[in-house]
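Colleague: Before we start, here is the structure in question, set down as structure tokens.
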Amino acid sequence: MNIEQRLERLESIEAIRQLKHRYLNACDLKEVEVIRDCFASGTIAIDYGPLGCFQDRDSFIALYQSLACHPRVRDSHHGANPEIELLDADNARGRWSLAYFNLDADTGATRRLGVMYEDAYRRIAGAWKIVATRSTILAEVVA
């Protein structure tokens with residue numbers, strides 16, 4: 119692998135890392151259009167376990183808005199331990215751990231989750247997008 123190929127690889131991995139961070143931050147900040155833009159348009163695969171499976175980003179966004187876009191809902195997503203593998207110039211996969219905290223500001227109820235994400239990414243028109251994601255809950259504490 120020459121220096122240009124190595125640089126392209128590193129730039130792709132960093133772009134994917136930034137994409138996932140942008141998604142998690144947008145979830146906390148309730149930035150619906152930023153969340154939507156993190157996913158590819160058209161048919162994709164979103165499997166969020168108990169929350170449901172979605173075949174397009176707009177179906178997922180509708181659920182997200184109904185559950186999370188309320189003043190009482192306070193979320194904190196902390197993604198860590200990324201393992202990103204480039205499959206070719208325009209396709210990659212990744213695994214991330216997520217520490218999630220949710221607070222209902224009206225009742226004080228909290229929920230903490232340990233989650234594992236498995237993602238697929240594709241570079242579309244020069245930008246990396248999520249084309250598949252599956253989250254698996256590893257631990258849960260509700261108080």
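This note's numbering applies: residue 119 is where the sequence shown begins, and numbers increase by one.
By construction, the Cβ of each residue, glycine as well, lies at the ideal position given by its N, Cα and C atoms.
(1) Does HIS139 come out as helix, strand or coil in the three-state DSSP assignment?
(2) At 3 residues or longer, what runs of the beta strand (DSSP E) sit wholly inside the stretch 187 to 249?
(3) Between TYR141 and CYS156, how many whole angstroms is the CB-CB distance? I'm expecting something under 8 Å.
(4) In terms of residues, what are the limits of the beta strand (DSSP E) holding ILE164?
(5) Could you spell out where the alpha helix (DSSP H) holding GLU151 opens and where it closes?
(6) Using alpha carbons as the reference points, say which of GLU129, GLY244, ILE134 lies closest to GLY197.
(7) Whole angstroms are fine: how far does the CA of ASP176 sit from the CA of GLU149?
(8) On the criterion of 16 or more Cβ atoms from any shown chain inside 10 Å, does VAL249 qualify as buried, or is it exposed?
Modeller: On the basis of the coordinates in this document:
(1) DSSP, read as helix, strand or coil, puts HIS139 in helix.
(2) Complete beta strand (DSSP E) runs here, min 3: 191 to 206, 209 to 222, 228 to 242.
(3) Right, the Cβ-Cβ distance comes to about 4 Å (below 8 Å), so this counts as a contact.
(4) Here the beta strand (DSSP E) through ILE164 covers 163 to 165.
(5) Taken as a continuous stretch (DSSP letters only), the alpha helix (DSSP H) holding GLU151 covers 150 to 156.
(6) It is ILE134 whose Cα lies nearest to the Cα of GLY197.
(7) For GLU149 and ASP176, the distance between alpha carbons rounds to 14 Å.
(8) Per the 10 Å Cβ criterion, buried.
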